[in-house]
Structures are given as C-alpha cells and as structure tokens.
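Residue numbers (the numbering used here): 93 to 275.
Scroll down for the structure; my scribbles are underneath it.
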Amino acid sequence: MTILHIDTSINGDNSASRQLTRSVVEQIKGSRWGERIVYRDLAANPIPHLTLDQFADTSVLDEFLEADTLVIGAPMYNFGIPSQLKAWFDRIAIAGKTFRYTENGPEGLAGGKRVIVALARGGFYGEGTPTAAFEFVERYLRAAFNFIGIEPEFVLAEGLAVSPEQRETSISQALGETVRLAA
Ligand SMILES: Cc1cc2nc3c(=O)[nH]c(=O)nc-3n(C[C@H](O)[C@H](O)[C@H](O)COP(=O)(O)O)c2cc1C
C-alpha cells in the first residue's frame with residue numbers, strides 16, 4: 093500500500109497546510125492506509141502547465157494510479173487552488189483512465205482510493221459568512237475528485253491571516269482533526 097503525499101504551499105516551513113499533511117502522514121504511515129510513502133513537492137518541483145505534447149508523459153498519472161492513499165496540502169490562493177495543484181490535476185484527469193463518458197453521463201474510474209486534503213486559508217469562508225461564495229478550493233476539489241470516483245475528506249485551518257492568536261487556535265484545532273482522520 094502506498095501513500096502519495098503532495099504539498100503545494102509556497103510558504104516552506106511557515107506553511108500550515110504542510111504542517112497538517114505532515115501530521116496526517118506521520119499518523120497513518122505503517123497502518124492499513126500505506127507503508128510506502130511517495131512525496132511530491134509541487135512548489136519546489138512544479139509540473140509544467142499542460143500542453144498537448146505533455147499528454148505523452150504519463151508519469152504523474154501512473155504515480156497517482158499506483159497510490160492507495162493521497163494526502164494533499166491545498167492552501168487557498170486567490171480563492172482557488174494553487175496553479176501547481178491544478179497542473180497536477182490536469183495530468184490525472186484522463187479520459188479512459190480516471191473517468192469515462194457513458195450513455196448515463198460521466199463515470200469515475202479511480203474509486204477505491206482514500207484522499208485526505210488539508211485546506212489552509214487566510215480568511216473565513218464557512219456557510220453564512222459574507223465570503224462563502226468565494227470559496228473555490230474545497231468546492232473545486234470535491235467536484236474534481238467526485239468526477240473521477242473519489243469522495244475526498246477535508247481537514248481545515250482557516251482565518252490564519254486574521255491574527256496570530258487565531259492562527260494558533262485554527263492550526264491546533266486542525267491538528268486535532270488530523271487525529272480523528274487518522275484513527
Ligand atoms: C499568493 C497568495 C494568495 C492568497 N489568497 C488568499 C485568498 O484568496 N483568500 C484567503 O483567505 N487567503 C489567501 N491567502 C492566504 C493563504 O491562504 C494562507 O496564508 C494560508 O495559510 C496558506 O497556506 P500555507 O500556510 O499552507 O502556505 C493567500 C496567500 C498567498 C501567498
């Protein structure tokens with residue numbers, strides 16, 4: 093069993109999403125979710141934006157298909173996912189491999205994997221907040237993974253830019269959530 097651990101934050105050691113993915117991976121490694129860890133840092137080693145030529149390189153898709161569990165860090169940048177993460181998703185959403193169109197509509201082909209996403213954002217975007225409609229990270233990732241047959245799980249640290257106290261509270265609450273996810 094293999095865990096694919098993906099980080100995307102540009103914030104290095106100060107990154108909340110990196111702290112959360114590390115916590116999840118440390119807790120689940122060696123369990124039924126996976127013994128082997130494959131690590132991909134999309135900030136340090138970005139995948140080029142998609143071009144037609146790049147469809148020939150299936151290494152990113154193969155790595156995804158071989159993974160049983162994925163742990164992905166997803167900071168909010170300008171209301172959406174980092175473009176590095178979008179470039180990764182562009183390599184794994186492949187017709188005939190991870191989804192197909194049928195007479196009854198699209199069908200996901202990548203089911204059976206566990207996907208845990210660590211979300212980090214500066215503000216608050218929960219239901220009922222004035223900025224709820226600006227939230228395109230969790231919404232996008234849920235839709236995108238659902239499309240290929242996966243129901244992702246999320247752990248969230250938000251309000252990180254509001255104050256140092258809020259940041260500490262949010263990260264420590266989210267770290268607590270990682271314990272529940274890993275259990
Ligand atoms: C380029 C950039 C764009 C950002 N855009 C948003 C945003 O649209 N909404 C928000 O709430 N926070 C935004 N933030 C704040 C980050 O979401 C926040 O710092 C979060 O902690 C980033 O995750 P990280 O700590 O893992 O790097 C932005 C940060 C950066 C660097």
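For every residue, glycine included, the Cβ atom is placed at its ideal position computed from N, Cα and C.
Just so you know, these numbers come straight off a predicted model, no measurement behind them.
Taking C-alpha positions only, Gly203 is separated from Ile240 by approximately 7 Å.
Using a cutoff of 7 Å, the CB of Tyr232 does not count as near ligand 1, since none of the ligand's heavy atoms is closer than that. Here the alpha carbon of Leu144 sits roughly 32 Å from the alpha carbon of Ala212. Residue environment analysis places His97 among the buried positions, since at least 16 neighbouring C-beta atoms fall within 10 angstroms of its C-beta. Assignment of Gly268 by DSSP, reduced to helix, strand and coil, places it in the helix class. Scanning the segment 115-191 from its first residue to its last, the whole alpha helix (DSSP H) runs of 4-plus residues come out as 151-158 and 175-184. Taking a cut-off of 8 Å for Cβ pairs, the segment 212-222 and the segment 176-183 do not touch, as fewer than three such pairs fall below it. Counting C-beta pairs with one atom in each stretch, the segment 135-151 and the segment 237-251 have fewer than three that are closer than 8 Å, which means they do not touch. Listed in chain order, the non-local C-beta contacts of Ala135 below 7 Å within the same chain comprise Asp99, Thr100, Ser101, Ile102 and Gln176, local neighbours out to five positions each way being set aside.
When the Cα atoms are used, Ile263 and Asp154 turn out to be separated by approximately 33 Å. In the three-state scheme derived from DSSP, where H, G and I count as helix and E and B as strand, Pro256 is classed as helix. The nearest non-hydrogen atom of ligand 1 is 7 Å or more from the C-beta of Ala235.
The shortest CA-to-CA distance from Ala108 to any of Ala274, Gln258, Leu273 and Ala275 is the one to Gln258. Scanning Leu252, Ala275 and Thr221 for the CA closest to the CA of Asn106 turns up Leu252.
Here DSSP, grouped into helix, strand and coil, assigns Ile95 to strand. For Arg206, the three-state secondary structure derived from DSSP is strand.
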